[in-house]
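K.L.:
Going letter by letter, the sequence shown gives residues 22 to 200 in the working numbering.
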Amino acid sequence: YVDMVDVHIAGTPIANFSVDNACVGTPINFIDQTTANGTSLSSWAWDLTGNGNANTLNQNATFTYNTAGPKQATLIVTSLGCSDTAVVPFEVYPLPQINILGLNACDKDAVAFNNNSTILYGSIDSLSWNFGDGTQDVTPSSTSHVFSQPGQYTTTVTAYSNQGCQSIAVENVEVYHNP
Numbered sequence: 022y023v024d025m026v027d028v029h030i031a032g033t034p035i036a037n038f039s040v041d042n043a044c045v046g047t048p049i050n051f052i053d054q055t056t057a058n059g060t061s062l063s064s065w066a067w068d069l070t071g072n073g074n075a076n077t078l079n080q081n082a083t084f085t086y087n088t089a090g091p092k093q094a095t096l097i098v099t100s101l102g103c104s105d106t107a108v109v110p111f112e113v114y115p116l117p118q119i120n121i122l123g124l125n126a127c128d129k130d131a132v133a134f135n136n137n138s139t140i141l142y143g144s145i146d147s148l149s150w151n152f153g154d155g156t157q158d159v160t161p162s163s164t165s166h167v168f169s170q171p172g173q174y175t176t177t178v179t180a181y182s183n184q185g186c187q188s189i190a191v192e193n194v195e196v197y198h199n200p
């Protein structure tokens, strides 16, 4: 008499995930795309900082980076004791560093806005100006503006990088009454 035993050999999962490049300070989503190979996945371990420790054990992860530069994330998936690892590189792009100086002026004179903004790498493609008096402008760099009447104005500047990252800053200027 012969006993029959069915033996099931579990397939090893194939770890994989997607991640998009993003800007400093923007939450980045890491989406599990692992192939289970006929098994049920039992665990996920994400190393999102490169220190060898798991930052989260969820199937998908979200993380915000505070520094720019090339990064890599690691996912280890496990199913029935079998594991696989995926390592995916991606980029965290820098934010523009806005440095705008508005020069106070007399009524009916143009207020000059000097732009000394920089970015760690890449380029600043454009600046969007909201002058605080209901008018706006888009320029690649410095600009000037004639305000319709004396007073204090708060100008909001938004800088856009070639990678779609943006920063916002304000500059207060005053338009003096003519003597």
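Each residue gets a CB set at the ideal place from its N, CA and C atoms; glycine is no exception.
(1) Count the other C-beta atoms from every protein chain shown that fall within 10 angstroms of the C-beta of I140, then say buried if there are 16 or more, exposed otherwise.
(2) Using three-state DSSP, classify C103 as helix, strand or coil.
(3) Between which two residues does the beta strand (DSSP E) holding N50 run?
(4) Let me make sure I understand the geometry here. Which of N135, S163, S169, C103 has the alpha-carbon closest to that of P199?
(5) Considering only their Cβ atoms, is the gap separating A180 from S138 smaller than 7 angstroms?
(6) Please list the terminal residues of the continuous beta strand (DSSP E) segment that includes S165.
(7) By DSSP, does N136 sit in helix, in strand, or in coil?
(8) Output the distance between the C-alpha atoms of S162 and T56, rounded to the nearest integer angstrom.
P.N.:
On the basis of the supplied data:
(1) On the sequence shown, position 119 is the one that residue 140 refers to. Buried, since its Cβ has 16 or more Cβ neighbours within 10 Å.
(2) Mapped onto the sequence shown, residue 103 falls at position 82. Residue state, collapsed to three classes: strand.
(3) The sequence position of residue 50 within the sequence shown is 29, counting from 1. Its beta strand (DSSP E) spans residues 48 to 53.
(4) Numbered from 1 along the sequence shown, position 178 holds the residue referred to as residue 199. Per the sequence shown, residue 199 should be read as Asn rather than Pro. Per the Cα distances, S169.
(5) Here the question's residue 138 lines up with position 117 in the sequence shown. Here the question's residue 180 lines up with position 159 in the sequence shown. Cβ atoms of S138 and A180: closer than 7 angstroms.
(6) Stepping through the sequence shown from its first residue, residue 165 is reached at position 144. Unbroken beta strand (DSSP E) run through S165: 164 to 167.
(7) Counted from its first residue, the sequence shown places residue 136 at position 115. Here N136 sits in strand by DSSP.
(8) Start at 1 with the first residue of the sequence shown, and residue 162 comes out as number 141. Start at 1 with the first residue of the sequence shown, and residue 56 comes out as number 35. One C-alpha to the other measures close to 49 angstroms.
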